[in-house]
Amino acid sequence: MRSFVERLRSVRHYIFNWKKKYDGLLLMEMRRLKLLEDENVTLRKLVEDISLEREMQQDMILQKI
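See below:
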């Protein structure tokens with residue numbers, strides 16, 4: 096019974112957060128938001144890759160000196 100109550104709270108929390116985020120948005124706005132969120136994830140990965148590459152290059156330069 097306790098597990099069920101915990102799952103129910105979790106589901107209610109998820110629904111509340113979803114409603115808070117998407118309440119009042121039209122379908123086109125929701126699609127646009129999803130596209131922007133996906134683009135944001137892609138850009139964050141690119142920045143992370145570039146940062147790691149730069150760090151590796153700096154390490155290589157320091158090793159040569």
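Under my numbering, residues 96 to 160 are what the sequence shown spells out, in order. Beta carbons: idealized from backbone N, C-alpha and C, even for Gly.
Put simply, the backbone Cα of F99 is about 10 Å away from that of V106. If you draw a straight line from the Cα of L138 to the Cα of I160, it is about 33 Å long. Apart from sequence neighbours up to five positions away, no residue of its chain approaches I110 with a beta-carbon distance below 8 Å.
The alpha-carbon separation between L130 and L147 amounts to approximately 26 Å.
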